[in-house]
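Residue numbers (the working numbering): 343 to 623.
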């Protein structure tokens with residue numbers, strides 16, 4: 343591949359983009375505007391995990407990589423569970439490439455969705471997914487209000503699945519304070535020390551630091567930077583993976599979701615811009 347191009351592959355009704363430069367390679371599904379892999383050249387280790395049985399043909403959201411949650415997170419949209427799609431509707435949109443630049447070591451791509459309106463959300467706005475592919479991957483979900491008078495509130499998340507190789511060997515460094523435990527009716531609990539994993543985990547941390555580190559066997563393995571967020575969500579389905587048709591029963595052993603998120607709502611007045619960013623290295 344030329345250092346200053348990208349390639350598009352069409353398969354099973356979907357389109358996949360591969361970007362390679364001297365620093366890294368990245369694969370993206372245009373269904374969902376969904377980053378599937380990020381592999382820096384210096385260690386040739388993919389930072390992202392995608393389920394081997396993920397559905398990639400556009401029939402359902404993709405299990406793994408970096409799903410985009412917008413304009414709400416989970417079922418937090420004031421509707422009965424199941425009435426509107428969990429995590430919103432951007433992750434089931436087809437996206438287009440609107441900009442691309444590369445200088446040989448850094449590639450920058452901007453993706454835009456087919457529409458920003460759907461059931462439960464009809465405000466005028468634009469959304470752009472900005473990707474900067476270099477030694478680090480920078481993912482920015484940018485929302486701009488085009489409303490003339492009305493303000494609106496949204497939640498969003500970069501629901502990243504990290505490839506941790508072996509969940510039993512990792513710890514998450516940088517989180518402290520309390521979290522809300524979804525598995526126990528949102529009970530408030532102190533963060534564990536060390537922050538290791540031995541069972542199903544679904545937590546929202548609202549003391550949301552800018553930098554986290556996934557440590558494997560006591561050595562830094564993946565670093566995660568966050569901006570524009572009010573929460574960090576930590577998730578691993580553990581035994582519940584067995585009930586997911588698009589995830590192997592033991593897939594949980596290789597992955598950990600550490601999500602840069604807005605779960606308390608951000609309000610955009612006319613002309614306002616909100617950018618949610620995650621940086622992966």
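Where is the CB? At the ideal position from N, CA and C, for every residue including glycine.
These numbers come from a predicted model, not from an experiment.
Residue i, buried or exposed, once every other Cβ within 10 Å from all chains shown has been counted against 16
i           : result
residue 532 : exposed
residue 350 : exposed
residue 568 : buried
residue 609 : exposed
residue 458 : buried
residue 477 : exposed
residue 384 : exposed
residue 343 : Summary for residue 343: the model assigns pLDDT 40, below 50, so the residue's position carries little reliability; its value from the coordinates is reported in the next sentence. Exposed, since its Cβ has fewer than 16 Cβ neighbours within 10 Å.
residue 359 : buried
CA nearest to the CA of residue i, picked from the options
i           : options            : result
residue 472 : 515, 507, 449, 458 : 449
residue 618 : 552, 581, 560, 463 : 552
residue 559 : 510, 477, 349, 494 : 510
residue 451 : 528, 480, 461      : 480
residue 475 : 518, 507, 454, 442 : 442
residue 512 : 408, 578, 445      : 578
residue 407 : 611, 415, 388, 414 : 388
residue 483 : 508, 461, 366, 409 : 409
residue 455 : 534, 412, 360      : 412
residue 444 : 548, 367, 596      : 367
residue 562 : 623, 588, 520, 580 : 623
residue 602 : 587, 548, 596, 437 : 548
Straight-line Cα distance separating residue j from residue i
i           : j           : result
residue 357 : residue 497 : 27 Å
residue 434 : residue 501 : 14 Å
residue 345 : residue 382 : Caution is warranted here: a pLDDT of 47 is assigned to residue 345, below 50, making its placement in the model unreliable, and the coordinate value is therefore given only provisionally. So the two alpha carbons sit approximately 14 Å from each other.
residue 352 : residue 378 : 15 Å
residue 405 : residue 393 : 6 Å
residue 369 : residue 570 : 24 Å
residue 525 : residue 517 : 19 Å
residue 362 : residue 556 : 25 Å
residue 575 : residue 380 : 21 Å
residue 493 : residue 461 : 18 Å
residue 534 : residue 348 : 43 Å
residue 508 : residue 611 : 44 Å
residue 396 : residue 580 : 17 Å
residue 364 : residue 491 : 46 Å
C-beta atoms of residue i and residue j nearer than 8 Å
i           : j           : result
residue 604 : residue 573 : yes
residue 530 : residue 566 : no
residue 542 : residue 582 : yes
residue 545 : residue 523 : yes
residue 506 : residue 598 : yes
residue 439 : residue 504 : no
residue 554 : residue 515 : yes
residue 495 : residue 355 : no
residue 415 : residue 550 : no
Any 3 or more C-beta pairs closer than 8 Å across the segment 356-375 and the segment 385-400: yes
Segment contact flag, the segment 608-616 with the segment 429-437, C-beta cutoff 8 Å, min 3 pairs: no
Contact between the segment 531-551 and the segment 457-473 (3+ Cβ pairs under 8 Å): no
Sufficient close CB pairs (3 or more, under 8 Å) joining the segment 585-594 to the segment 484-494: no
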